[in-house]
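Trainee: Mind having a look at this structure? Questions to follow.
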Amino acid sequence: MHKSNSAIERIKNHLAYKLGKVMIDFSHQRNNYKYGGGYIALFKKLYKIKKQHKKEQKIYQQTIQVFPQLKYPNLETCSDYEQALKYKFHLSYMLGEVLIQTFQNLHKGSMFKLAKNIKKANKEFKIFKEIFNNFAKLSPNIIKIISKNKQAFLKELPRIQNILKIHQDYQPILDNIFHNFNYFIQNFNLIEEWLLSNDFNEKYKKENHPYPSLLDPKKLNDEKEKINYKNIPAELAWEMNLPLPDNYEFVYPLFGLSGGGALSSFFQKCGLNMHYDFHRSFLKSYYLNYNLFKERHRNNILYYTEWGLNTLYREKFLSLFLKKVIILFLVRDPISRLKTAVNHHTNNPDKDVRLFNLSSDFNKILNCKKYGTSIVGKFANAPMIEYLNFWFFTDRWFLYNSLLSSIRNFEVFYIDMEEIKPAKAFDTMCDLANKFGFKKPTDKKFFEGVMNGDFLGILPFTLYIHSKDIDNVYSLMKSYENLSSLKDNDGIHLQITSTNLIEFYKQSKEYINFTKEFFDKPLKYENLGIFLKPQEFERLKQDSKLFDVTKRYLNNFIEALEERIDLEKAKLFKEKDVLNYLKENKELRVKLKNILDKELVHIKQHRPDIVASWKYYQEFEKMCKELDG
């Protein structure tokens, strides 16, 4: 048995390598033989090696039947696999392959072609040796790449060499070619045309673009072309640096703490397509947007999450916006953003119950909101001003100017958060519809609602109504929770949420607002509602007793909810608290000042009116001038 974990030893033990080595030894010694006797000895030796190899293989197969744990691991899993690949390009291995093919095709007269094939193998050996010497600096994985495409590479070698020579000083496209070499070879004519075109030279090479596309984006956007976005999966498109399909209206990066959830729901209400997802992964953002754009031809938004701690693939993602893009920045007074940050909630990890029944204690359920602390994994019952320090571990919350420096061709459109508050939201969306050409809104009342606001971290809830609980409805006098009805499938789902959240989660066609059926007077929060599917509401109405106990439970629940909202609101910090904390913490203050001086350059130049309207930012600037000069 040979070294099973050594790919080099296993390749050198391959029949091809052993046969070829004998041939090379023979060629070095053949001058010692006369009258052909040497060739007879050669073929005897080759036959003996082949016979011995076959015997060894038989013993190996018998051994692993008895001791399967002795089976060799896949060659690719060996630690020296990549170093071992070069042995497949040794002359001994290549000559051995010729001999094996000859032995396998004796019935086809292969012996008559042996001399020709040996000559061909010698020629190919010299070609590969030269390629590896010349191309190793272009790609350190050249041997691994070519080993999978040996014959295809040889077939197109002169044209491949021409492309590599022309772009020898443009490493990003060389990396792309070798990284996707299978695809490059399989679609060589198409890619060659693109890489030798003026378009490629102007759009990528002259710009020294760090992520050049392996395919022509113009053709990719044309469904009449044989290869286009429709038939290329997102994962492969990313590997080949394909820019995102260009059928989107504008780019909408979400920075957080600025009303992004509300604006996103407004866009969806106006019929725009986007993937609203807090994934914080630029790779996933590419996949989601790519698949959206190639399926939907109109009214698309290129949305992604800019805030958070993840920066992996950010530069590449931003480099794959090829067309001139309009970037819509939703901005807000930085001090107000930090106020929202320090008040940031998290769901109670111990008591976050979103689905419950009529026997559930709603006072416990409503105790669902916790607040962040500077210690990861620790939560508080009320906001802590010291939590502000946590938000300065990274400067990624204010990357406005840094984002623009990463994109090559852009136009910026700024919206201040004040413009999407209830009093102005409808008019703002009408203005945006005129600018970007999407459908104007008509439901003015929807835009007067609040997406999160006072409900943030509390709503939504689902009450599961079942007749099994009709005699065990929760009350302060009697509290016996029994959740067994949640396992039954014949109950009724009632959602306690807001109009805007129902719209945001695309449930407005399925769930109808039946608030007036359960309450005799308007609720304190106009945007709060009770939502059911119409058919389920009719089922509930038919059972008058179940309807009555549900109504009573809901009235008590909403009363407790309103009290809980008032309680949580009283805990929150104001902008003045943030300013006072910064006043007492020089290190934090100076850090914020440096970040904002850098990141607000563009908006100060192009929308000084917005910056001037930021009351608390102006106070912060004044404070820094007085305290730090």
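In this text, residue positions in the sequence shown follow the working numbering: the first is 913, and each later residue adds one. Glycine is no exception: its CB is placed at the ideal position from the N, C-alpha and C atoms.
#1: By alpha-carbon positions, which one of H1187, K1356 and K1196 ends up nearest to Y1225?
#2: What does the alpha-carbon distance come out to for the pair R1266 and C1182?
#3: Quick one: what does DSSP say L1504 is sitting in, helix, strand or coil?
#4: CB-CB under 6 Å to P1334, same chain, minus the five flanking residues each way: which ones, in chain order?
#5: According to DSSP, simplified to helix, strand and coil, what is Q1407?
#6: If I measure Cβ to Cβ from K1235 and keep anything under 7 Å in the same chain, skipping five residues before and after, which residues do I get?
#7: Quick check: the Cα distance between A928 and L1086, rounded to an integer number of angstroms?
#8: Helix, strand or coil: which one does DSSP assign to V1288?
#9: Rounded to whole angstroms, what's the CA-CA distance from L1250 to K1118? Just pull it up for me.
#10: Drop a sphere of 10 angstroms on the beta-carbon of I952, count the other beta-carbons inside from all chains shown, and report buried for 16 or more, exposed for fewer.
#11: Return the Cβ separation of F1358 and T1427 in integer angstroms, given the expectation that the two are a contact with Cβ distance under 8 Å.
#12: Taking only beta-carbon atoms, is D1273 less than 8 Å away from chain C?
#13: Excluding the five sequence neighbours on either side, which residues of its own chain have a C-beta within less than 7 Å of the C-beta of K1263, listed in chain order?
#14: Let's see if you can read the secondary structure: which residues bound the beta strand (DSSP E) around I1553?
#15: Considering only the alpha carbon of each residue, which of F1338, D1343 and E1438 lies closest to T1354?
#16: With distances taken between CB atoms, is the gap from D1326 to I1515 smaller than 8 Å?
#17: Less than 7 Å between C-beta atoms, sequence neighbours within five positions excluded: which residues of the same chain meet that for Q995?
#18: Can you list, in chain order, the residues of its chain whose CB lies under 7 Å from that of G948, leaving out five sequence neighbours each side?
#19: For N1260, which of helix, strand or coil comes out of DSSP?
#20: When the Cβ atoms of the stretch 1018-1032 are set against those of the stretch 965-977, are three or more pairs found closer than 8 Å?
#21: In whole angstroms, what separates the C-alpha of D1521 from that of L1512?
#22: Using a threshold of 8 Å, state whether the C-beta atoms of L1007 and I936 are closer than that.
#23: In whole angstroms, what separates the C-alpha of Q1530 from that of M1341?
#24: What residues are listed by DSSP as bridge partners for D1328?
#25: Looking at the secondary structure, which residues open and close the beta strand (DSSP E) in which G1441 lies?
#26: Label K1115 either buried or exposed according to how many other C-beta atoms from any shown protein chain fall within 10 Å of its C-beta, with 16 as the threshold for buried.
#27: Between the Cα of L1479 and the Cα atoms of N1269, N1293, P1165 and Q1080, which residue gives the shortest distance?
#28: Closest to R922 by C-alpha separation, out of E1496, I1012 and Y1005, would be which residue?
#29: Which residues bound the alpha helix (DSSP H) around I1470?
#30: Give me the DSSP bridge partner(s) of T1374.
#31: Label E1429 either buried or exposed according to how many other C-beta atoms from any shown protein chain fall within 10 Å of its C-beta, with 16 as the threshold for buried.
#32: Can you name, in chain order, every residue of its own chain whose Cβ lies under 7 Å from the Cβ of D1307, other than the five neighbours on each side?
#33: Based on the DSSP secondary-structure assignment, which residues constitute the bridge partners of F1162?
Mentor: From the atom records:
#1: K1196
#2: 29 Å
#3: helix
#4: E1360
#5: Strand, per DSSP.
#6: D1158
#7: 32 Å
#8: Here V1288 carries a coil assignment [DSSP, helix/strand/coil].
#9: 42 Å
#10: exposed
#11: 15 Å between Cβ atoms; not a contact.
#12: Among the chains of the structure shown, chain C does not appear; only one protein chain is present.
#13: K1276, N1279 and C1280
#14: The structure shown does not extend to residue 1553, since the chain spans only 913 to 1541, so no value can be given for it.
#15: F1338
#16: Here residue 1326 is Tyr; the residue named in the question, Asp, does not match the sequence. If you check the CB distance, Y1326 and I1515 come in under 8 Å.
#17: I920
#18: Low local confidence applies: a pLDDT of 48 at G948 is under 50, so the model's placement there is unreliable, with the coordinate-based value given in what follows. Counting only Cβ-Cβ distances below 7 Å, and skipping sequence neighbours, we find nothing.
#19: Looking at N1260 - three-state DSSP - the assignment turns out to be coil, as it is neither helix nor strand.
#20: no
#21: 13 Å
#22: yes
#23: 28 Å
#24: V1243
#25: L1440 to L1444
#26: Under this definition K1115 is a buried residue.
#27: N1293
#28: Y1005
#29: S1456 to K1483
#30: L1267 and Q1407
#31: exposed
#32: I1507
#33: I1213
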